[in-house]
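First up is the structure itself, then whatever we jot down about it.
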Amino acid sequence: IEDELGHDEL
Amino acid sequence: MNVFRLAGDISHLLAIIILLLKIWTSRSCAGISGKSQVMFAITYTARYLDLFTNFISLYNSTMKIIFLGAAYATLYLIYVRFKATYDHNHDTFRVEFLLIPTVILSVLINHDFSPLEILWTFSIYLESVAILPQLFMVSKTGEAESITSHYLFALGSYRALYIINWVYRYYAEGFYDLIAIVAGVVQTVLYCDFFYLYITKGSRANATEMSIEA
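From first to last, the protein sequence lines are chains A and B.
Following my numbering, the numbering of the first sequence begins with 862 at its first residue and continues without gaps.
Following my numbering, the numbering of the second sequence begins with 8 at its first residue and continues without gaps.
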């Protein structure tokens, strides 16, 4: 879940 | 990264630069809502705390630093440097009506009940309504300088482009983030009335002011 929550937008 | 997302980020950057230049060159922040700018500064501070925990790309980190720096530079110009020109009599929107519900909502509806994630969610909810004091101010005084209108148009375009980016990402990558999408749609809808006026009234050859009837 850590990876899924890495928000990559600004 | 796709072309819509990049165009959205550039539009956002443009909006921030327009605002800073407008205040700096006119030596005045008349017509600008300090309250909206405070909420944008809170938004980016809460969202970009992941600068320290999560590296995505050089582009991502650079933009975050620029947005944060610009947000605080704007606050400095409004509340310190050109304080005398700040139109606080017209900047009367009650921000607690936005801050309290967004704090509560971010605790209740989030992807993960952890401090950073709740702060990210709060920033998404707060950003979606942060422009309301500015739009309220424009409707209250009945006009916005053309440069302020360009700022609002660029800022609204940024969110509209992000929606297209999300549609693209859904089909191209199967990726979607419901919290960001719902808040982003709300945020874009708030600009619709302004977009309509900007396009119909703002395009007149030598229009220097545009009126917004509430």
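All C-beta atoms, glycine included, are put in the ideal place defined by N, C-alpha and C.
Chain-ordered chain A contacts of M70(B) [CB-CB under 8 Å]: L871
Host beta strand (DSSP E) of A151(B) (start-end): 150–152
Counted within 10 angstroms of its Cβ, other Cβ atoms place F182(B) as buried (16 or more) or exposed: exposed
Under 8 Å between C-beta atoms of A133(B) and L168(B): The residue you asked about is not Ala; residue 133(B) is Leu in the sequence shown. No. Outside cutoff.
Proximity of M46(B) and A137(B) at Cβ, strictly below 8 Å: yes
Residue-level contact to chain A via CB, D119(B), 8 Å cutoff: yes
Helix, strand or coil at M160(B) [DSSP, three-state]: It is worth fixing the name first, because residue 160(B) is Phe in this sequence and not Met. Here F160(B) sits in helix by DSSP.
Chain A within 8 Å of I63(B), Cβ atoms only: yes
For F89(B), the nearest candidate out of I206(B), S33(B), E150(B) (CA to CA): S33(B)
Y51(B) vs L26(B) beta-carbon contact at 8 Å: no
Through-space distance from G38(B) to S145(B), alpha-carbon basis: The residue asked about is misnamed: residue 145(B) is Val in this sequence, not Ser. C-alpha separation (whole angstroms): 7 Å.
Contact set between E124(B) and chain A, taken where Cβ atoms lie within less than 8 Å: L866
Own chain partners of A214(B) with C-beta closer than 6 Å, once the 5 adjacent residues on each side are dropped: Low confidence applies to A214(B): its pLDDT is 42, below 50, so where it sits in the model is not reliable enough to give any reading.
Coarse secondary structure for C199(B), derived from DSSP in three states: helix
Assigned secondary structure, E870(A) (DSSP; H/G/I helix, E/B strand, else coil): coil
Given N96(B) as reference, the closest of G41(B), N67(B), T81(B) once Cα atoms are compared: G41(B)
Of the listed residues R166(B), I30(B), Y55(B), V189(B), nearest to T92(B) (C-alpha basis): I30(B)
Proximity test, Cβ basis, 8 Å: F129(B) and chain A: no
Neighbour list for D16(B) in chain A, Cβ cutoff strictly below 8 Å: L871
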